[in-house]
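Step one of this worksheet: look at the structure below.
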Amino acid sequence: MKTKHKLGNRLFVFFLIANAVDASKFLIHHIPENFINLEVFRWSIVYLVPASFYLYAMSVCYSNFRLKPKHLLHAIPFITYNLNLMSSVYFETTEMKLHFIKNMNQMPITHFFQFLFELLFQVYFIASFLVIRKSRTVYLENYTNPNISVLNALYKITILYYFLHFIVLVRWLVTFIFGSGEIRVWVVTLDGFAFLICTCWYLFEALNNPEFFRGVNSQLKVIEEIIPKQKSSALIDDEKNRQIESLKDFMIKNEPYLDSSLTIQDLAEQVKIPVKDLSALINLYMNKHFFDFINEYRIEKAKEILKDSSQKDLTILEILYQVGFNSKSSFSTSFKKHTGKTPTEFRKNSF
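In structure tokens form, the structure reads like this:
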């Protein structure tokens, strides 16, 4: 399928394949001597997994994200692990290779790399959480299109993968206490099926929502990082109240919210206020996201139309497009949030 979002898709594919390569160890029961190097190299792939998921999250959250030479730094643990193997496995005799594999679990360097992987996993997944949360806030402060379903799905799959990792920790603990027995086999089975089910759910969400949210500009920042809220005073309060009333008058008179692609940059140009000042006014002083601020006017406009008997022949779909929404589900969700009723129920109660 042709898509302009190939980078994000490819990063996610790499994440899944890297997990599959790592999980294949549970299917391998005998390693031919001439394939020992390949099997040992397979061990190192896992050090690319956390970074690949983080880069995938970045590509989804930021529309202008591109891979750059600096991102090769994420491969340092992978390279370091392979450099260690070069001196102990890759260029050694078969006998030395087998000796290394047999005794590796007792080696301090093995424990170090296991700890390193755990550290990498925690750092990258926490970083992914922070990126998703920040981009969602930026989106709500700058855009009005309420379709952020992929961001919510990405947040959920990040949480699921994070908690699934604790099953891996349980597997390590079970192996340490009970050895490679039946209990460990059941833990491995649970881990594998849980990962499969979560991944299938995420892919199902993507297939059923082709209009998925595709990121904000990475140069946009959360407004509180740019303009701290000024301490309250009579002079500041009067000035901000005047600006708020002026903005509300403009919204009622000119109805800019009817544009479904309206952004805070567009509105700032129309009201002739710097973008940062307008964002601060709405997000800090009115204590609303730009997203909610605009949709309140859209809902009020929709209520007017629904109560107008002369427009009773208009369908709900026609009304939602007319007031600036672009999907029925997002309109219904926002309408019920503001009125406590569905559009259809509100229309019936109005006559």
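The numbering of the sequence shown is our numbering, which starts it at 2 and goes up by one. Backbone N, C-alpha and C fix where the C-beta goes; we use that ideal spot for every residue, glycine too. Note that the coordinates shown come from a computational prediction; the quantities given were computed from them, not determined experimentally.
Handout entry: Sheet register partners of T264 (DSSP bridge)
Key = In the sequence shown, residue 264 corresponds to position 263, counting from 1. T264 is bridged to Y144.
Exercise for the section: Taking 7 Å as the cut-off, decide whether the C-beta atoms of N143 and T316 are in contact. Expected result: Walking along the sequence shown from the start, residue 143 turns up at place 142. Walking along the sequence shown from the start, residue 316 turns up at place 315. In this structure, T316 does not lie closer than 7 Å to N143 by Cβ.
Exercise for the section: Name the two residues that bound the continuous alpha helix (DSSP H) containing D293. Expected result: Counting from one through the sequence shown, the residue named residue 293 turns up at place 292. Note, D293: alpha helix (DSSP H), F291 to K308.
Practice task
Measure the beta-carbon distance from P51 to F126 and round it to whole angstroms, keeping in mind my assumption that it falls under 8 Å.
Solution key: In the sequence shown, residue 51 corresponds to position 50, counting from 1. In the sequence shown, residue 126 corresponds to position 125, counting from 1. Confirmed, Cβ separation roughly 7 Å.
Exercise for the section: On a CA-only basis, which of K241, H31, F118 and A154 is nearest I133? Give me that one, please. Expected result: The residue labelled residue 133 in the question sits at position 132 within the sequence shown. Selected option, being the one with the closest Cα: A154.
Practice task
Tell me, to the nearest whole angstrom, how far the beta carbon of L141 is from that of F292; I am working on the premise that it is less than 8 Å.
Solution key: Walking along the sequence shown from the start, residue 141 turns up at place 140. Walking along the sequence shown from the start, residue 292 turns up at place 291. About 4 Å separates the Cβ atoms of L141 and F292, confirming a contact at the 8 Å cut-off.
Handout entry: Start-to-end residues for the alpha helix (DSSP H) that takes in E40
Key = Along the sequence shown, read from residue 1 onward, the residue named residue 40 stands at position 39. Unbroken alpha helix (DSSP H) run through E40: I37 to S45.
Exercise for the section: Check T316 in the structure and name its three-state DSSP category. Expected result: By 1-based counting over the sequence shown, the position of residue 316 is 315. Coil.
Exercise for the section: Have a look at L68, D314 and I46 and flag the residue whose alpha-carbon is nearest the alpha-carbon of L1. Expected result: The structure shown does not extend to residue 1, since the chain is modelled only from 2 through 352, so no value can be given for it.
Handout entry: Inter-residue Cα distance where the pair is R172 and W187
Key = Along the sequence shown, one-based indexing puts residue 172 at 171. Along the sequence shown, one-based indexing puts residue 187 at 186. Approximately 9 Å between the Cα atoms of the pair.
Handout entry: Whole-number beta carbon distance between S53 and Y19, since they are thought to touch under 8 Å
Key = As a working mapping, residue 19 is identified with position 18 in the sequence shown. As a working mapping, residue 53 is identified with position 52 in the sequence shown. It should be pointed out that residue 19 corresponds to Ala in this sequence rather than to Tyr. The Cβ separation is near 6 Å, so the contact holds.
Exercise for the section: Alpha carbon to alpha carbon, how far is K26 from N83? Give it in angstroms, no decimals. Expected result: Within the sequence shown, numbered from 1, the residue matching residue 83 stands at position 82. Within the sequence shown, numbered from 1, the residue matching residue 26 stands at position 25. The straight-line gap from Cα to Cα measures roughly 18 Å.
Practice task
Quick one: measure Cβ to Cβ for G325 and D260, integer angstroms, because I've assumed they're closer than 8 Å.
Solution key: Working through the sequence shown from its first residue, we reach residue 325 at position 324. Working through the sequence shown from its first residue, we reach residue 260 at position 259. Approximately 6 Å separates the beta-carbon atoms of G325 and D260; this is inside 8 Å, confirming the contact.
Exercise for the section: Reducing DSSP to helix, strand and coil, say where G180 ends up. Expected result: Along the sequence shown, read from residue 1 onward, the residue named residue 180 stands at position 179. Residue state, collapsed to three classes: coil.
Problem - For K7, the first and last residue of its enclosing alpha helix (DSSP H) - result: Along the sequence shown, read from residue 1 onward, the residue named residue 7 stands at position 6. Looking at the DSSP string, the run of the alpha helix (DSSP H) that includes K7 is K7 to A24.
Problem - Where the alpha helix (DSSP H) containing T95 begins and where it ends - result: Within the sequence shown, residue 95 is the residue found at index 94, counting from 1. Counting along the chain, the alpha helix (DSSP H) containing T95 begins and ends at T95 to N104.
Practice task
Output the distance between the C-alpha atoms of F42 and F196, rounded to the nearest integer angstrom.
Solution key: Here residue 42 refers to the residue found at position 41 when the sequence shown is read from its first residue. Here residue 196 refers to the residue found at position 195 when the sequence shown is read from its first residue. Whole-angstrom Cα-Cα distance: 23 Å.
Problem - Nearest neighbour of R299, chosen from H339, Y57, N35 and L268 [CA to CA] - result: As a position in the sequence shown, residue 299 is number 298, starting the count at 1. Nearest neighbour of R299 by Cα position, chosen from H339, Y57, N35 and L268, turns out to be H339.
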